[in-house]
Ligand SMILES: NC(=O)c1ccc[n+]([C@@H]2O[C@H](COP(=O)([O-])OP(=O)(O)OC[C@H]3O[C@@H](n4cnc5c(N)ncnc54)[C@H](OP(=O)(O)O)[C@@H]3O)[C@@H](O)[C@H]2O)c1
C-alpha cells in the first residue's frame with residue numbers, strides 16, 4: 012500500500028496482464044461530445060492516468076481527440092495513460108471481436124489498449140444496431156454464443172499484442188468463476204458498480220484470491236438517490252478529516268483495495284476527485300461496517316441494457 016499522501020498515485024499490479032493499473036480512474040460516460048472531450052482533457056491535466064471509455068458510450072472519438080491534443084502539448088505520453096475500452100453486446104460473436112476492437116482503436120487513434128473489457132455478459136443480436144429490439148420492444152438476445160466463446164476471442168487479442176490485459180464488466184461472482192476456471196488468460200480486471208451501498212465484498216474477496224483487480228464504477232453513487240455524498244457517515248468523516256465527501260468515498264475505495272472510477276463534466280470536481288489522500292483506518296472501518304443501506308444504481312448487470320435506474324428524488 013502506498014504512503015498516505017501518495018494514495019492518489021496508488022497502482023495495482025495486473026497479475027493476469029501486463030504492468031499495473033493506477034487505482035484512481037476517470038470515466039467518460041458523458042452524453043455530450045464537447046463535454047466529453049473537455050472533461051477528458053481536464054482529467055488528464057488534473058493527473059488522472061486511467062481513462063475509461065466504451066464502444067457503447069459513443070465517446071471513443073472524443074477521447075481520442077482529447078488524448079491527441081494533450082499528447083501534442085508534450086506533457087503526457089501515450090504510454091503514461093492506461094486506456095480502457097469495451098466490446099459491446101452486439102459484437103460477442105468471435106468473428107466480430109477483432110473488427111470491433113480495431114474500430115475502437117481507429118476512433119481512439121491508438122494501436123493498442125491497456126485493457127479491453129467485455130462490456131456485459133449478455134450477447135445481443137449481432138449487427139450494427141446497438142440496441143436490437145423485437146416488435147414488443149424487448150431486447151433480442153443472441154443464444155448462439157457463450158461468454159466463454161467471446162472470452163477466447165479476447166485471449167487471441169492479447170496474444171496478438173492488441174490488448175495488454177482483458178477483463179469482464181457487469182458480471183456476477185459465478186460468471187467470473189466460470190471464466191477463471193476455463194480461461195487460458197484469466198481476467199486481469201473485473202469492472203462492476205461498487206460503493207458503500209453496494210460493497211460487493213464476496214466478489215472483492217474472490218478477486219483478491221485470484222489476483223484480479225476490482226474496478227468500481229459509480230464510486231460516488233452516480234448522483235443517484237439516496238445520495239451517497241450526503242450519507243451522514245460520509246459527511247461526518249469528511250468534516251473530521253477536512254475533505255469533501257467525494258474524496259472520502261474515493262479514499263475508502265482505494266484503501267480497501269479497489270480501483271474507483273468517477274466521472275464529472277465539472278473541472279473543479281475533476282480536480283477535487285484526483286486530490287485524494289488517505290483517511291484514518293477507523294474511518295475506513297466505519298464506512299465498511301457502519302453503512303448498512305444497500306442500493307444498486309445501475310440495472311445493466313441484470314439485463315445487459317445500460318442505464319441507471321431512475322429514482323424518485
Ligand atoms: N460498465 C458499465 O456498465 C458502466 C456503467 C456505468 C459507469 N461506468 C463507468 O464508470 C464511470 C463512472 O461512473 P459514474 O458516472 O456513475 O460515476 P460517479 O462519479 O459516481 O457519478 C458521476 C456523477 O457524480 C457527479 N460528481 C462527480 N464528482 C463529484 C463531486 N466531487 N461532487 C459532487 N458530485 C460529483 C457528476 O456530476 P457532474 O458531471 O455534473 O460534475 C455526475 O453526475 C463512467 O463514466 C463509466 O466510464 C461503467
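In my numbering, the protein residues as written are 12 to 324. No residue lacks a Cβ here, since even glycine has one placed at the ideal position from N, Cα and C.
{"Asked": "The beta strand (DSSP E) enclosing residue 317, as first and last residue numbers", "Found": "Neither: residue 317 is in no beta strand (DSSP E) and is coded neither H nor E."}
{"Asked": "Minimum C-alpha distance to residue 158 - residue among 148, 188 and 143", "Found": "188"}
{"Asked": "Local conformation of residue 258 per DSSP, three classes", "Found": "helix"}
{"Asked": "In DSSP terms, what residue 63 is bridged to", "Found": "38 and 95"}
{"Asked": "Whole-angstrom distance between residue 126 and residue 94, CA atom to CA atom", "Found": "6 Å"}
{"Asked": "Cβ neighbours of residue 164 in the same chain (closer than 6 Å, five flanking residues each side left out)", "Found": "105 and 108"}
{"Asked": "Residue 33, DSSP secondary structure in three states", "Found": "strand"}
{"Asked": "Euclidean distance between Cα positions of residue 193 and residue 166", "Found": "12 Å"}
{"Asked": "Residue(s) in a DSSP beta bridge with residue 202", "Found": "180 and 226"}
{"Asked": "Proximity test, residue 134 beta-carbon vs ligand 1 heavy atom, cut-off 7 Å", "Found": "no"}
{"Asked": "Test item: CB-CB of residue 84 and residue 51 under 8 Å", "Found": "no"}
{"Asked": "Reference residue 87, options 128, 55, 118 and 103, closest by Cα", "Found": "55"}
{"Asked": "Simplified DSSP state of residue 308, which is helix, strand or coil", "Found": "coil"}
{"Asked": "Residue 284 CB to nearest heavy atom of ligand 1 below 7 Å", "Found": "yes"}
{"Asked": "Reduced DSSP category for residue 53 - H, G, I as helix; E, B as strand; rest coil", "Found": "helix"}
{"Asked": "Euclidean distance between Cα positions of residue 110 and residue 258", "Found": "39 Å"}
{"Asked": "Anticipated Cβ contact below 8 Å, residue 231 with residue 225, distance rounded", "Found": "Rounded, the Cβ-Cβ distance is 17 Å, inconsistent with contact."}
{"Asked": "Close Cβ partners of residue 29 (< 7 Å) along its chain, the five nearest in sequence each way excluded", "Found": "175 and 176"}
{"Asked": "Buried or exposed (CB count within 10 angstroms, at least 16 for buried), residue 234", "Found": "exposed"}
{"Asked": "Where residue 295 falls, given that 16 or more other Cβ within 10 Å makes a residue buried", "Found": "buried"}
{"Asked": "Proximity below 8 Å, CB of residue 273 to CB of residue 39", "Found": "no"}
{"Asked": "Contact test: residue 262 Cβ vs ligand 1 heavy atom, cutoff 7 Å", "Found": "no"}
{"Asked": "C-alpha distance - residue 151 paired with residue 31, whole-angstrom precision", "Found": "37 Å"}
{"Asked": "DSSP beta-bridge partners of residue 23", "Found": "32"}
{"Asked": "Ligand 1 heavy atom lying under 7 Å from the CB of residue 311", "Found": "yes"}
{"Asked": "heavy atom of ligand 1 below 7 Å from residue 232 C-beta", "Found": "yes"}
{"Asked": "Residue 116 beta carbon near ligand 1 (any heavy atom closer than 7 Å)", "Found": "no"}
{"Asked": "Nearest candidate by alpha-carbon position, reference residue 25, set 17, 71 and 34", "Found": "34"}
{"Asked": "Distance cut-off 7 Å: residue 276 Cβ against heavy atoms of ligand 1", "Found": "yes"}
{"Asked": "Ordered list of alpha helix (DSSP H) runs contained in the segment 240-296, each at least 4 residues", "Found": "243-252, 256-266 and 278-285"}
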